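**Student:** Below is the structure I would like to discuss, written out as C-alpha cells.
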Amino acid sequence: AQSVTQPDIHITVSEGASLELRCNYSYGATPYLFWYVQSPGQGLQLLLKYFSGDTLVQGIKGFEAEFKRSQSSFNLRKPSVHWSDAAEYFCALFTSGTYKYIFGTGTRLKVLA
Amino acid sequence: NAGVTQTPKFRVLKTGQSMTLLCAQDMNHEYMYWYRQDPGMGLRLIHYSVGEGTTAKGEVPDGYNVSRLKKQNFLLGLESAAPSQTSVYFCASSLRPDNEQFFGPGTRLTVL
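Protein chains in written order, with our numbering: chain R, 2 to 114; chain S, 893 to 1004.
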C-alpha cells in the first residue's frame, strides 16, 4: 500500500542551525514527491517537488530536498534556519495509479532565538 | 488573483445541524479537493472533482456530500453534523492531478 511517513512529530532547532526533516514513502512506481509548509492559521504552500531527473531539488525560502530511491526517502534540508521557518511541514506523495495525493502526518518545527 | 478562497472561516454547529462550505478558485483549474486536517493525522481527502459536474470519493467521504456545478466552485455539505466532524477543512485546486495543489486558508468547524 502507498504511504508517507514523517517520523518526527516535533523538531526544535536554534536559529542559524541546520535542519533536516525526514520523509519516507512506500510506492511501487516512480514517485512524485512534494514538500509543503503550513504557517499557523494558513493553508499549505508548496516548497518544492520532485518528479524525475536530478535527485537534489531546490525550492523556495532556501529549502532543498534529496530523493534517495534506495532508501525510499525524500528529506527536506535547510543549511541555516530562520525564526520565520517555524511552521508545520508536510511531505506528500502523488500516486499515478489512483491519481491522488497522500500526505504525511506532518512535522512541527520550532525555532529557538 | 485571489487564488483559492473558502467561506466561512469559522463555524460552530450543534449536532444534527447542516451546513455548506464554499470553495472558489479563479485559476481555471480542473481539479478541486476537500481535505480535513486533524491533529496527528495530517490531511485526509474527503472528496475531489476532476472537472465541472464530476465528483468522486476520497479517503473519508462518509457524512459529507459535494457538488461542482460550476468549474470555479466546489461545495462541501454536511447534512447532519456530528462531533466527529469537528476539524479544519481545506479546499485545494490544481491544474492537473500531479501538479502543485493550491490551498485555501481553511475553515475551522466545531460541532457541539
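All C-beta atoms in this analysis are idealised placements derived from N, C-alpha and C, irrespective of residue type, glycine included.
Keep in mind it's a predicted model, so treat the numbers as computed, not measured.
(1) What is the residue span of the beta strand (DSSP E) that Ala88(R) lies within?
(2) Considering only their Cβ atoms, is the gap separating Leu970(S) from Met911(S) smaller than 7 Å?
(3) Counting only C-beta atoms, is Gly105(R) closer than 7 Å to chain S at any point?
(4) For Gly908(S) and Ala974(S), I'd like the C-alpha separation in whole angstroms.
(5) DSSP three-state label for Ser976(S), please.
(6) Tell me which residue opens and which closes the beta strand (DSSP E) that Trp36(R) is part of.
(7) What are the residues in the stretch 925–957 of chain S lying within 9 Å of chain R by C-beta distance?
(8) Helix, strand or coil: how does DSSP classify Lys906(S) here?
(9) Chain S partners of Lys62(R), CB-CB under 8 Å?
(10) Taking Cβ positions only, does Leu47(R) come closer than 7 Å to chain S?
**Tutor:** So, from the listed chains and residues:
(1) Ala88 to Thr96
(2) Yes, these two residues count as a Cβ contact at 7 Å.
(3) yes
(4) 6 Å
(5) Note: Ser976(S) maps to helix in three-state DSSP.
(6) For Trp36(R), the enclosing beta strand (DSSP E) has its first and last residue at Tyr33 to Gln39.
(7) Tyr925, Tyr927, Gln929, Gly932, Met933, Gly934, Leu935, Arg936, Leu937, Tyr940, Val942, Gly950 and Glu951
(8) coil
(9) Residues of chain S passing the Cβ test: none, with the nearest at roughly 15 Å.
(10) Taking Cβ atoms only, chain S reaches closer than 7 Å to Leu47(R), which makes this a yes.
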